[in-house]
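In the order they appear, the protein sequences are chains A and B. Each residue of the first sequence is one higher than the last, beginning at 1 in our numbering. Each residue of the second sequence is one higher than the last, beginning at 1 in our numbering. What follows is a short report on a single structure.
Protein chains: 2
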Amino acid sequence: MPDRPAILLDLDGTLTDSVYQHALAWTKALELGGIKLSVWRIHRRIGMSGGLLAESLAREVGRELSDKEAAQVKAAHAKAFRAQLRDIRLLPGAKELLRHLTKLHVPWAIATSGALKSAAPLLKLVDPPAGVPIITRDDVAHAKPNPDLWLAAAARLSVPIESAIAVGDSVWDLLAARRARALGVGLLSGGYGAEELQRAGAYQVYEDPADLLGHIDELGIRAE
Amino acid sequence: MPDRPAILLDLDGTLTDSVYQHALAWTKALELGGIKLSVWRIHRRIGMSGGLLAESLAREVGRELSDKEAAQVKAAHAKAFRAQLRDIRLLPGAKELLRHLTKLHVPWAIATSGALKSAAPLLKLVDPPAGVPIITRDDVAHAKPNPDLWLAAAARLSVPIESAIAVGDSVWDLLAARRARALGVGLLSGGYGAEELQRAGAYQVYEDPADLLGHIDELGIRAE
């Protein structure tokens, strides 16, 4: 086991303040596809793969989506999300946390259920140094809650997944962490309650990247 | 004590699916006022009086708002919220629940921390029968979490507050219910986790108005 655990980070709601915009964009896209659902139900699926989200919500209202319909809903979501891009900010402490990890030579990576196309403008905000692995929906067979994204991130860092810490704001991040055998850490910045994240297996729950950075010693990451 | 408890209902997140739009509208308005806060922190203040929300969030980033600045932030919120009005729907079961209460001659009223001006288009969606008391921010000295709104609603129905059930989606509804000595019932449709609402004193937590209607006997409201 390496001295310092590697840190694998989700993107939406973990580094960027983009979950609420995603929730409203999916609400609009699903309604255009004839699927009317309350925003809170959609909010609670953010962080899942887009395909799984659309399918599972369609099933919830007793619909089946054809491949063509699913593609239309996903395209409508991407469009509605893009329209809100200029309102999206980094979460407090995101830059500082990543800078601190880099300074300590802690290996870190980003792993998101989003497709590269929709994640690209958010990754531009994060502006990771060259060489940091970025794993998106396009790189794996199944996004979260399947373990593939966290596993791919650890593999790209050449670290054992069992010693990695997977940080995310949704229960899907934490379920994927359990399935991958990584230690899951939750953030409130995606709008879940702390108990929801704990129930999904979060070892610790912090408010946002700034709060995590302030308590990083609790994750066994030492300065020396 | 009357045979059947009166039902006092919050509006945003309880009857209408409007909490996420409020959260983004406040985020934008506060940013225009120089106060940058993550959306989830603002989401967790929705349901409070607008003035208290703006002041408490300004304090969180170490600012004091003058009366003029607070009025500007409130006006910017109202404008940003209005821009999203056409995307706002009733929550599932809202109409059916209210119709059922009316049919059973259960006295009911609506009590919202919102000002009449911003609540009016939402009340139009709800379309309550003539004679149902509607209490807004304009009718009381202090909105939630102060008890004034629930107390005024019970008074307008001429029922003792101690036998009334106050239904809301935020911890502020539930804190106000405790302070008013009403029984608090929580709904998940505003995006809180169930445990957050239970911790704030919810006697029961349901998903949304449809789920509450399906379990209305649990609140001691019988058909005969």
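Beta carbons: idealized from backbone N, C-alpha and C, even for Gly.
Query, Result
"Length-filtered (3 minimum) beta strand (DSSP E) runs lying within the segment 106-172 of chain A", "108-111, 165-168"
"Residue of GLU207/A, GLU196/A, ILE110/A, LEU187/A minimising C-alpha distance to LEU149/A", "ILE110/A"
"GLY51/B in three-state terms, based on DSSP", "helix"
"Status (buried if at least 16 other CB within 10 Å, exposed otherwise) for VAL19/A", "buried"
"For VAL19/B, three-class secondary structure by DSSP", "helix"
"Proximal residues to HIS142/A (C-beta, below 6 Å), its chain only, five neighbours per side dropped", "ASP148"
"Secondary structure of ASP232/B, DSSP reduced to three states", "Outside the displayed span of chain B (1 to 224) sits residue 232/B, for which this structure offers no information."
"Beta-carbon contacts of ALA194/A that lie in its chain and below 7 Å, excluding the five residues immediately before and after", "LEU188, VAL205"
"Any 3 or more C-beta pairs closer than 8 Å across the segment 6-25 of chain B and the segment 110-121 of chain B", "yes"
"Partner residues on chain B for LEU9/A, Cβ-Cβ distance less than 8 Å", "The premise fails here: LEU9/A is roughly 16 Å from chain B at the closest Cβ pair, so nothing lies under 8 Å."
"Min CB distance ASP17/A to chain B below 7 Å", "yes"
"Burial state of ARG99/B (16 or more Cβ within 10 Å)", "exposed"
"Cβ neighbours of LEU90/A in the same chain (closer than 8 Å, five flanking residues each side left out)", "LEU15, THR16, ASP17, LEU125, VAL126"
"Proximal chain B residues relative to TYR206/A, where beta-carbon distance stays under 9 Å", "Under the 9 Å cutoff, chain B gives no residues; its nearest Cβ is about 12 Å from TYR206/A."
"7 Å Cβ cutoff met for ILE165/A and ALA180/A", "no"
"Residues sharing a beta bridge with ILE216/B, DSSP", "Answer by DSSP bridge pairing: none, since ILE216/B is not bridged."
"Test: LEU174/B CB closer than 7 Å to a CB of chain E", "Here the protein chains are A and B, and chain E is not one of them."
"Inter-residue spacing [alpha-carbon to alpha-carbon] between ILE135/B and ALA153/B", "6 Å"
"Beta carbon of LEU230/A nearer than 7 Å to that of GLY93/A", "Any question about residue 230/A goes unanswered here, given that chain A covers just 1 to 224."
"First and last residue of the uninterrupted alpha helix (DSSP H) at ILE42/A", "39-43"
"Own chain residues within Cβ distance below 8 Å of GLN198/A, not counting five before or after", "GLY186, VAL205"
"Those residues which DSSP pairs with ILE46/B across a bridge", "MET48/B"
"Minimum Cβ-Cβ distance from ALA23/A to chain B less than 7 Å", "yes"
"PRO121/B vs LEU85/B beta-carbon contact at 7 Å", "yes"
"Of the residues LYS103/A, LEU30/A, ALA78/A, SER163/A, the one placed nearest ALA115/A, counting alpha carbons only", "ALA78/A"
"Proximity of HIS22/A and GLY191/B at Cβ, strictly below 7 Å", "no"
"Of the residues ALA155/A, LYS144/A, ASN146/A, SER118/A, the one placed nearest PRO133/A, counting alpha carbons only", "ALA155/A"
"Cβ-based burial, GLU60/B [other Cβ within 10 Å; buried from 16]", "exposed"
"Contact under 7 Å by Cβ, LEU157/B with PRO107/B", "yes"
"Nearest residue (CA-CA) to GLY62/B, options ALA119/B, PRO145/B, ALA29/B, ILE35/B", "ILE35/B"
"Straight-line Cα distance separating ALA177/A from LEU30/B", "35 Å"
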